[in-house]
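K.L.:
There are 2 protein chains.
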Amino acid sequence: MSVAPEKTARPVRPVRVRLTDLADALGLTKGTVSRALNGYPDIAEATQLRVRRKAEAMGYRPLAQAQAIRTGRTCTLGLVLQTDTDGSQRPFLSDFLEGVTRAASAENWTTTVATAEPGEEMEMVLGRLVEERKADGFILPRTHTVDRRAILLRDLGVPFVLFGRVADAAGCAWFDILGEAAMRDAAMRLATQGHRRIGFVNGAFTYSFAGLRDQGFRDGMARAGLTLDESLIRSGAMSREAGAEAAAALLHRPEPPTAIIFAVDRAALGGYDAAEAAGLRVGQDLSIIGYDGIPEGRWMRPTLTTFSVDSRGAGARLATLLIRRIRGEAAETLRETAEARLQTGGSDGPPQRTSADIAAHIAAQTEHEEC
Amino acid sequence: MSVAPEKTARPVRPVRVRLTDLADALGLTKGTVSRALNGYPDIAEATQLRVRRKAEAMGYRPLAQAQAIRTGRTCTLGLVLQTDTDGSQRPFLSDFLEGVTRAASAENWTTTVATAEPGEEMEMVLGRLVEERKADGFILPRTHTVDRRAILLRDLGVPFVLFGRVADAAGCAWFDILGEAAMRDAAMRLATQGHRRIGFVNGAFTYSFAGLRDQGFRDGMARAGLTLDESLIRSGAMSREAGAEAAAALLHRPEPPTAIIFAVDRAALGGYDAAEAAGLRVGQDLSIIGYDGIPEGRWMRPTLTTFSVDSRGAGARLATLLIRRIRGEAAETLRETAEARLQTGGSDGPPQRTSADIAAHIAAQTEHEEC
DNA sequence: AGCGTTGCCGAAACCGGTTTCGGAGCCAAT
DNA sequence: ATTGGCTCCGAAACCGGTTTCGGCAACGCT
Chain A
16 MSVAPEKTAR PVRPVRVRLT DLADALGLTK GTVSRALNGY PDIAEATQLR VRRKAEAMGY
76 RPLAQAQAIR TGRTCTLGLV LQTDTDGSQR PFLSDFLEGV TRAASAENWT TTVATAEPGE
136 EMEMVLGRLV EERKADGFIL PRTHTVDRRA ILLRDLGVPF VLFGRVADAA GCAWFDILGE
196 AAMRDAAMRL ATQGHRRIGF VNGAFTYSFA GLRDQGFRDG MARAGLTLDE SLIRSGAMSR
256 EAGAEAAAAL LHRPEPPTAI IFAVDRAALG GYDAAEAAGL RVGQDLSIIG YDGIPEGRWM
316 RPTLTTFSVD SRGAGARLAT LLIRRIRGEA AETLRETAEA RLQTGGSDGP PQRTSADIAA
376 HIAAQTEHEE C
Chain B
16 MSVAPEKTAR PVRPVRVRLT DLADALGLTK GTVSRALNGY PDIAEATQLR VRRKAEAMGY
76 RPLAQAQAIR TGRTCTLGLV LQTDTDGSQR PFLSDFLEGV TRAASAENWT TTVATAEPGE
136 EMEMVLGRLV EERKADGFIL PRTHTVDRRA ILLRDLGVPF VLFGRVADAA GCAWFDILGE
196 AAMRDAAMRL ATQGHRRIGF VNGAFTYSFA GLRDQGFRDG MARAGLTLDE SLIRSGAMSR
256 EAGAEAAAAL LHRPEPPTAI IFAVDRAALG GYDAAEAAGL RVGQDLSIIG YDGIPEGRWM
316 RPTLTTFSVD SRGAGARLAT LLIRRIRGEA AETLRETAEA RLQTGGSDGP PQRTSADIAA
376 HIAAQTEHEE C
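Top to bottom, those sequences are chains A and B. Numbered per this note's numbering, the first sequence finishes at 386, counting up by one with no gaps. Numbered per this note's numbering, the second sequence finishes at 386, counting up by one with no gaps.
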């Protein structure tokens with residue numbers, strides 16, 4: 016009916032519905048409405064319902080910052096990424112972030128990320144974020160054997176969730192993938208294929224997963240009834256180069272392995288390099304099994320047999336656990352694990368050469384190179 | 016009824032220095048102190064100095080959320096990642112994020128990230144973040160030729176910065192890498208090496224970079240004095256598989272190229288696959304030049320010649336540009352570009368076979384396969 | 001001396017919520 | 001009829017800042 020062109024003068028930003036607006040529309044005071052929405056017991060059941068319905072209808076969304084100034088809660092998850100020198104988190108980060116942010120926003124929480132190198136700076140950044148109330152709690156990826164972040168936050172009384180388990184478990188909530196189970200299964204799988212000398216290239220023991228995977232490997236060997244040769248175990252390989260080096264070292268032993276398990280896919284890729292350098296065919300002369308499920312594995316020839324972890328799922332679980340932690344649940348009740356999924360490729364199989372064969376081959380090759 | 020538990024949780028958090036504390040210590044009112052810190056002209060120079068010094072000494076840090084409720088500014092950058100089906104942003108994300116967050120926190124800003132798939136959901140997420148004032152502005156990675164995010168935010172009057180240029184430039188600030196310059200240089204480089212038939216496998220035209228790189232390639236061909244064969248141009252290759260397919264199509268032409276430029280490294284990796292399938296040696300029979308600088312390129316044999324972009328730097332520039340935009344600078348004055356850096360590998364070089372040679376080789380091979 | 005400026009700061013309102021306190025109304029028990 | 005307890009909600013303080021307004025003193029000017 017109206018010829019109202021003044022609509023054009025409407026401010027660009029749509030008017031937000033404030034608590035007061037809601038209260039006015041309901042004929043209540045904002046205090047009452049606030050308590051109704053937050054489920055205080057001194058508000059009549061019927062009123063609570065009425066308020067909730069109206070809030071929904073009017074599209075009311077509380078301003079987290081405004082709530083925060085009184086409650087101290089921002090509804091924000093903190094995620095401080097480590098600038099990892101070995102780039103080990105690269106391929107997963109995208110999926111992981113998606114898991115975290117999606118789970119967070121499902122609860123109407125947000126995620127703030129920061130970056131710091133492990134050590135001093137990391138603690139500074141965490142401290143700053145806490146002091147300025149930029150995050151209500153933290154997700155700590157890449158758990159260290161002795162994790163200074165966890166200790167710091169625990170002392171500060173700030174909620175956090177580890178991606179990875181830790182020995183000093185008091186006050187720690189976590190989510191983790193059972194890497195030890197994967198290492199165990201890998202050893203047993205190789206044993207079933209007929210391998211008797213199996214090497215193990217672990218990651219760095221500064222990370223908490225290394226100890227677990229070491230145990231898992233030993234467990235698998237024991238279950239398979241194979242004797243463990245300590246000289247076939249290496250650790251500290253977090254990169255392709257390091258993996259290649261470790262694998263080469265194993266292959267040059269007097270009794271080399273016919274198969275090598277890598278605790279980290281990146282290192283497993285190095286295993287291919289070492290095999291190539293030694294003139295061995297991966298999957299035939301040398302079996303390789305990795306862990307992580309990085310995409311590069313599928314592009315290798317033969318494709319890498321590995322245990323893939325669901326990074327997106329992990330991120331999602333961590334986010335929901337952290338939210339529950341912040342809401343007050345005890346850390347001890349917030350511990351979850353999941354299993355990695357075996358993703359078979361062509362990099363493992365029955366040994367086509369014996370250990371002695373390989374040793375002879377490599378000896379011949381080395382001699383040849385020296386000419 | 017249980018005893019109120021909140022008293023026990025009390026003492027852990029260290030006491031923050033509030034504005035009032037500062038004011039008390041200075042013998043001023045909090046209003047005055049606030050204005051002093053924010054550089055209002057009605058506060059004496061001397062007083063401002065005194066206040067600033069004291070604030071520093073007492074370690075005062077304003078609570079961003081508290082400021083926000085009055086000013087509407089959270090000092091927060093928004094970054095909504097697209098769940099890209101082609102995984103194209105994967106390898107860069109880590110560096111990119113580091114650049115953004117580091118630059119942001121240098122100004123004492125924080126970064127909140129969210130995830131959404133392009134389209135409807137993306138706009139929902141942006142809208143929600145804006146309405147709930149979770150971010151003061153946005154960094155928009157992966158600019159589309161027609162970018163709905165930019166249009167939405169522009170209409171809403173919300174500051175944003177594009178990673179990539181866009182034709183509909185009004186109100187758009189951006190940072191971009193000059194992909195067209197790289198494509199041009201690639202063409203000229205190959206021409207100098209002696210190539211005369213050069214193929215070009217572009218990315219998807221839904222992204223704004225594709226048009227630019229197309230121009231760059233044509234420009235390079237013209238400058239090199241080579242005639243352009245439209246049949247040697249393909250587009251839409253964002254993945255390794257798609258790159259392989261496009262490259263294979265080019266190689267099966269009557270007069271195949273002796274070199275192919277890829278607008279995207281992932282596609283370039285597919286070029287290796289196509290070459291291998293065709294029995295051609297990369298770098299000798301077929302030259303390949305990529306763009307992006309993904310780490311996998313360095314692991315290919317021969318290593319990929321490509322133009323590497325500094326993702327960390329890009330993130331950092333985008334963050335600072337966005338902050339300036341939020342602070343009021345005009346979008347038109349906030350446009351920056353940088354160049355990609357040529358990273359020579361072994362995948363290009365003087366052609367060791369002519370186009371006719373290759374055609375014959377492939378014909379023979381195809382015939383052979385048909386037997 | 002009178003008067004208008006100007007510089008500088010205090011007082012208080014304000015932002016959008018949360019939380020404490022107290023009181024009105026109702027009912028049952030004294 | 002008074003008292004006491006309960007339920008339910010209004011009023012107002014509060015959180016930690018920002019911003020408006022007004023007033024006091026010192027200054028310059030006629």
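Note that CB positions come from ideal geometry on N, CA and C, so glycine has one too.
How long is the line joining the alpha carbons of residue 9(A) and residue 227(A), rounded to whole angstroms?
P.N.:
Absent from the structure is residue 9(A), since the part of chain A shown begins at 16 and ends at 386.
K.L.:
Determine, using beta carbons only, whether residue 118(A) and residue 322(A) come nearer to each other than 8 Å.
P.N.:
Taking 8 Å as the Cβ cut-off, residue 118(A) and residue 322(A) do not qualify as a contacting pair.
K.L.:
Give me the DSSP bridge partner(s) of residue 94(A).
P.N.:
According to DSSP, which records beta bridges pairwise, residue 94(A) is partnered with 128(A) and 154(A).
K.L.:
Name the one or two DSSP bridge partners that residue 175(B) has.
P.N.:
BP columns for residue 175(B) point to 153(B).
K.L.:
Since residue 216(B) and residue 165(B) should fall inside the 8 Å C-beta cutoff, what is the C-beta to C-beta distance between them, to a whole number of angstroms?
P.N.:
In fact, because the Cβ distance is near 27 Å, the residues do not count as touching under 8 Å.
K.L.:
Alpha carbon to alpha carbon, what distance is there between residue 39(A) and residue 71(A)?
P.N.:
Cα to Cα, the separation comes out at about 15 Å.
K.L.:
Spatial neighbours of residue 84(A) within its chain, please: C-beta separation below 7 Å, excluding the five flanking residues on both sides.
P.N.:
Result list for residue 84(A): empty, nothing under 7 Å.
K.L.:
Taking residue 168(B) as the reference, which of 243(B), 240(B), 60(B) and 341(B) has the closest Cα?
P.N.:
Nearest of 243(B), 240(B), 60(B) and 341(B) to residue 168(B), Cα basis: 341(B).
K.L.:
With contact counted as at least three CB pairs below 8 Å, one residue from each stretch, are the region 34-50 of chain B and the region 110-125 of chain A in contact?
P.N.:
Result no; under three Cβ-Cβ pairs closer than 8 Å.
K.L.:
Quick one: residues in its chain with C-beta nearer than 7 Å to the C-beta of residue 37(B), no 5 flanking neighbours on either side, listed in chain order?
P.N.:
The answer, listed in chain order, is 48, 69, 70, 73 and 75.
K.L.:
Can you name, in chain order, every residue of its own chain whose Cβ lies under 6 Å from the Cβ of residue 50(B), other than the five neighbours on each side?
P.N.:
Answer for residue 50(B): 58, listed in chain order.
K.L.:
Note the first and the last residue of the continuous alpha helix (DSSP H) segment covering residue 35(B).
P.N.:
Residue 35(B) -> alpha helix (DSSP H) spans 34-41.
K.L.:
Output needed in chain order: residues of the region 123-137 of chain A with a Cβ under 8 Å from some Cβ in chain B.
P.N.:
Answer in chain order: 125, 126, 127, 128, 129 and 130.
K.L.:
Tell me the DSSP bridge mates of residue 275(B)?
P.N.:
Residue 275(B) is bridged to 214(B) and 303(B).
K.L.:
Rounded to whole angstroms, what's the CA-CA distance from residue 210(B) to residue 306(B)? Just pull it up for me.
P.N.:
Roughly 19 Å separates the two Cα atoms.
K.L.:
Among 95(A), 299(A) and 124(A), which has the Cα closest to the Cα of residue 149(B)?
P.N.:
Considering only alpha carbons, the answer is 124(A).
K.L.:
Give the secondary structure of residue 372(B) by DSSP, where H, G and I count as helix, E and B as strand, and everything else as coil.
P.N.:
Residue 372(B): helix per DSSP, three-state reduction.
K.L.:
Give me the residue from 141(A), 171(A) and 33(A) with the minimum Cα distance to residue 129(A).
P.N.:
With distances taken between Cα atoms, residue 129(A) lies closest to 141(A).
K.L.:
Quick one: give me the first and last residue of the alpha helix (DSSP H) that residue 331(A) is part of.
P.N.:
326-341 is the span of the alpha helix (DSSP H), which, as asked, contains residue 331(A).
K.L.:
Where do the ends of the beta strand (DSSP E) carrying residue 191(B) lie?
P.N.:
Looking at the DSSP string, the run of the beta strand (DSSP E) that includes residue 191(B) is 188-192.
K.L.:
Applying a beta-carbon distance threshold of less than 7 Å, which residues of chain B neighbour residue 80(A)?
P.N.:
Going along chain B in sequence order, the residues near residue 80(A) (Cβ under 7 Å) are 80, 83, 84, 89 and 148.
K.L.:
Enumerate in chain order the residues of its own chain whose CB-to-CB distance from residue 122(B) is below 7 Å, with the five nearest sequence positions on each side excluded.
P.N.:
Once the five neighbours on either side are set aside, the close Cβ partners of residue 122(B) are 338.
K.L.:
Are the C-beta of residue 120(B) and some C-beta of chain A separated by less than 8 Å?
P.N.:
Answer yes: the Cβ-Cβ gap between residue 120(B) and chain A drops below 8 Å somewhere.
K.L.:
Express the C-alpha separation of residue 359(A) and residue 248(A) in angstroms, rounding to a whole number.
P.N.:
Cα to Cα, the separation comes out at about 23 Å.
K.L.:
For residue 353(B), report the span of its beta strand (DSSP E) as first-last.
P.N.:
Its beta strand (DSSP E) spans residues 350-353.
K.L.:
Could you check which residue in 206(A), 218(A) and 276(A) has the C-alpha nearest to that of residue 159(A)?
P.N.:
The candidate whose alpha carbon is nearest that of residue 159(A) is 218(A).
K.L.:
Kindly list the residues whose CB is nearer than 6 Å to the CB of residue 272(A), restricted to its own chain and excluding five residues on each side of it in sequence; keep chain order.
P.N.:
For residue 272(A), where only same-chain residues beyond five positions count, the Cβ hits under 6 Å are 212, 213, 214, 247 and 265.
K.L.:
Quick one: is residue 317(B) near chain A, going by C-beta distance under 8 Å?
P.N.:
Taking Cβ atoms only, chain A never reaches closer than 8 Å to residue 317(B), which makes this a no.
K.L.:
Alpha carbons only, please: which of 109(B), 147(B) and 377(B) is nearest the one belonging to residue 91(B)?
P.N.:
Nearest of 109(B), 147(B) and 377(B) to residue 91(B), Cα basis: 147(B).
K.L.:
Any chance the region 362-380 of chain A sits against the region 322-332 of chain A, with 3 or more Cβ pairs inside 8 Å?
P.N.:
No contact exists between the region 362-380 of chain A and the region 322-332 of chain A.
K.L.:
Residue 291(B): which of 204(B), 110(B), 376(B) and 62(B) sits nearest, CA to CA?
P.N.:
The shortest Cα separation from residue 291(B) among 204(B), 110(B), 376(B) and 62(B) belongs to 376(B).
K.L.:
Using a Cβ-Cβ cut-off of less than 9 Å, list which residues of the region 179-200 of chain B approach chain A; keep chain order.
P.N.:
Of all residues in the region 179-200 of chain B, none has a Cβ within less than 9 Å of some Cβ in chain A.
K.L.:
Spatial neighbours of residue 274(B) within its chain, please: CB distance less than 6 Å, with the 5 preceding and 5 following residues excluded, ordered by chain position.
P.N.:
Counting only Cβ-Cβ distances below 6 Å, and skipping sequence neighbours, we find 205, 210, 213 and 302.
K.L.:
For the region 155-170 of chain B, enumerate the residues whose C-beta is nearer than 9 Å to any C-beta of chain A, in chain order.
P.N.:
Against chain A - using a Cβ distance shorter than 9 Å - the residues of the region 155-170 of chain B are 170.
K.L.:
In chain order, what residues of the same chain have a beta carbon less than 7 Å from the beta carbon of residue 289(A), not counting five sequence neighbours either side?
P.N.:
Correct list, in chain order: 259, 262, 263 and 266.
K.L.:
Can you pull the chain B residues whose beta carbon is under 7 Å from the beta carbon of residue 141(A), in chain order?
P.N.:
Chain B residues near residue 141(A): none, gap ~12 Å exceeds 7 Å.
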